[in-house]
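What follows is one structure encoded as structure tokens, with my remarks underneath.
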């Protein structure tokens, strides 16, 4: 069974994050260690969308391999506690993830429907769409009520790839504002740092 993400992709991190839902343009929130993180407000939501961008010395195939290895990817995905494939059907994959949260906030879980688009330049885009009713939430966890995101991997002439990780979610339940504000920066920053380290370590 091919794991974590499969082909046809992340087909809408939510249908490519409909631009009409946003109330402002991307604003740079962090630029450190080669990782840039941007955020922007989303109309009708108190939670911001985030976008992280990094250049990694690796091939698109290497990034794809790491993303499709659930044991590996849970080590570099921010706050990942558990990750497993629920179902694979043709080019579509459904994954289940548990997300640890700092005390006293209740941990979250999320079901993602993942599709992958192969690009003509050798890169790919993976779309992630939350499906909160696909399975019941686990005891002791709050189900993420919506999630829209994407991974975009573009090969560069230097033999590297530019990786973009973009998402917006409604975490369900109550989240303190300090945690919500830090999460939209920490999630893409730490995830991309971890992915780069894994991809460049051989």
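Numbering (the numbering used here), first residue to last: 113 to 314. For every residue, glycine included, the Cβ atom is placed at its ideal position computed from N, Cα and C.
Inspect the beta-carbon positions of residue 154 and residue 280 and report whether they are closer than 9 Å. Working through the chain shown from its first residue, we reach residue 154 at position 42. Working through the chain shown from its first residue, we reach residue 280 at position 168. Result yes, Cβ atoms of residue 154 and residue 280 sit closer than 9 Å.
Please specify which runs of the beta strand (DSSP E), each continuous and at least 3 residues long, are wholly inside the stretch 168-225, giving them in chain order. 192-201, 204-211
How far does the alpha helix (DSSP H) with residue 342 in it extend, from its first residue to its last? Only positions 113 to 314 of the chain appear in this structure, which leaves residue 342 out of reach.
Would the stretch 202-215 count as touching the stretch 181-194 if we require 3 or more Cβ pairs under 8 Å? yes
In this structure, how does DSSP classify residue 277 when only helix, strand and coil are distinguished? The residue you call residue 277 lines up with position 165 of the chain shown. Strand at residue 277.
Residue 242 lies in the beta strand (DSSP E); which residues open and close that run? Indexing the chain shown from 1 puts residue 242 at position 130. Run containing residue 242: 236-242, per the beta strand (DSSP E) assignment.
Close-in-space but distant-in-sequence residues of the same chain around residue 247 (CB under 8 Å, 5 per side omitted): In the chain shown, the residue the question calls residue 247 occupies position 135. Answer for residue 247: 198, 208, 223, listed in chain order.
For residue 252, which residues in the same chain have their Cβ closer than 8 Å to its Cβ, ignoring the five residues on either side in sequence? As a first step, residue 252 is located in the chain shown; it is residue number 140 there, counting from the start. Result list for residue 252: 218, 219, in chain order.
If you check the beta carbons only, do residue 141 and residue 149 fall under 9 Å apart? Numbered from 1 along the chain shown, position 29 holds the residue referred to as residue 141. Numbered from 1 along the chain shown, position 37 holds the residue referred to as residue 149. In this structure, residue 149 lies closer than 9 Å to residue 141 by Cβ.
Would you decide whether residue 276 is buried or exposed? Buried here means 16 or more other CB atoms lie within 10 Å of its CB. Position 164 of the chain shown, counted from the first residue, corresponds to residue 276. Label assigned to residue 276: buried.
Sub-9 Å separation of residue 273 and residue 170 beta-carbons: Taking the first residue of the chain shown as 1, we reach residue 273 at position 161. Taking the first residue of the chain shown as 1, we reach residue 170 at position 58. Yes, these two residues count as a Cβ contact at 9 Å.
Where DSSP assigns a beta bridge to residue 147, which residues make up the other side? Residue 147 sits at position 35 when you count from the first residue of the chain shown. For residue 147, which the question treats as bridged, DSSP gives the partners 144, 166.
Buried or exposed (CB count within 10 angstroms, at least 16 for buried), residue 137: For the purposes of this step, residue 137 is taken as residue 25 along the chain shown, with counting starting at 1. The residue is exposed, with fewer than 16 neighbouring Cβ atoms inside 10 Å.
Expressed to the nearest angstrom, what Euclidean distance is found between the alpha-carbon atoms of residue 298 and residue 206? Within the chain shown, residue 298 is the residue found at index 186, counting from 1. Within the chain shown, residue 206 is the residue found at index 94, counting from 1. Looking at the two C-alpha atoms, the distance is approximately 25 Å.
List the residues that DSSP assigns as beta-bridge partners of residue 269. Walking along the chain shown from the start, residue 269 turns up at place 157. Per DSSP, none; premise fails for residue 269.
Distance between beta carbons of residue 235 and residue 172, contact taken as under 8 Å: Working through the chain shown from its first residue, we reach residue 172 at position 60. Working through the chain shown from its first residue, we reach residue 235 at position 123. Sure, about 5 Å apart at Cβ, within 8 Å.
With a 10 Å radius around its C-beta and 16 neighbouring C-beta atoms as the bar for buried, classify residue 202 as buried or exposed. Residue 202 sits at position 90 when you count from the first residue of the chain shown. So residue 202 ends up on the exposed side.
Opposing strand residues paired with residue 251 [DSSP bridges]: Taking the first residue of the chain shown as 1, we reach residue 251 at position 139. Beta-bridge pairing links residue 251 to no other residue.
Alpha carbons only, please: which of 215, 144, 185 is nearest the one belonging to residue 306? Within the chain shown, the letter at position 194 stands for residue 306. Closest by alpha carbon: 185.
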